[in-house]
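In mature numbering (1 follows the signal peptide of the UniProt record, and there is no 0), the protein residues as written are -19 to -1, 1 to 133. Working notes, structure below.
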């Protein structure tokens, strides 16, 4: 007689656990934005967290930050740093710094934007194409958000 309540308890527990697992999304929280699905651009917000998803198709000018003689640490990459562990720095001088002269004073077109949100953090990656040379790089806008200005 005790086996029926025990079996019922385990069945209910398994069904509850299965239902909870289906609530959590199967993807890793990575969303891609291009010109076709970008949010509307608001010229009142510049390059900041709430405007990242509206940047595809826009042109950014890299004017740099005040004290950038040591370069930009952990900001420019050759691959999308949100999709894997490869964090190869763009035109690196040392392990993780891109020299200022390689990125400052140039115009970039935003090709794609990726956002990633999980339980502990949020991330963003911008695929930039330099207007003059056509070089592509991936930019972490959280590191130096005020170093670029959107010019439309």
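Heads up, the beta-carbon is just placed ideally off N, CA and C, and yes, glycines get one too.
Cβ contact annotation for residue 43 (same chain, cutoff 6 Å, sequence separation greater than five): 84, 85, 87, 129, in chain order. Residue pairing by DSSP puts residue 117 in a beta bridge opposite 110. Taking a contact to require three or more Cβ pairs closer than 8 Å, the stretch 63 to 71 and the stretch 15 to 24 do not qualify as touching. Non-local beta-carbon contacts of residue 98 in its own chain, meaning distances under 7 Å to residues more than five positions away in sequence, involve 10 in chain order.
Here the C-alpha atom of residue 111 lies approximately 13 Å from the C-alpha atom of residue 93. 91 is the residue among 123, 91, 126 whose C-alpha sits nearest the C-alpha of residue 116.
Residue 33 sits in a helix when the DSSP states are folded into three classes.
In this structure, residue 60 sits away from residue 41, with a CB-CB distance that is not shorter than 9 Å.
DSSP places residue 63 outside both helix and strand once states are collapsed to three, so it counts as coil. Taking 9 Å as the cut-off, the Cβ atoms of residue 58 and residue 81 do not count as close. Secondary-structure assignment with DSSP links residue 74 through no beta bridge to anything.
When secondary structure is reduced to three states using DSSP, residue 82 falls in the helix class.
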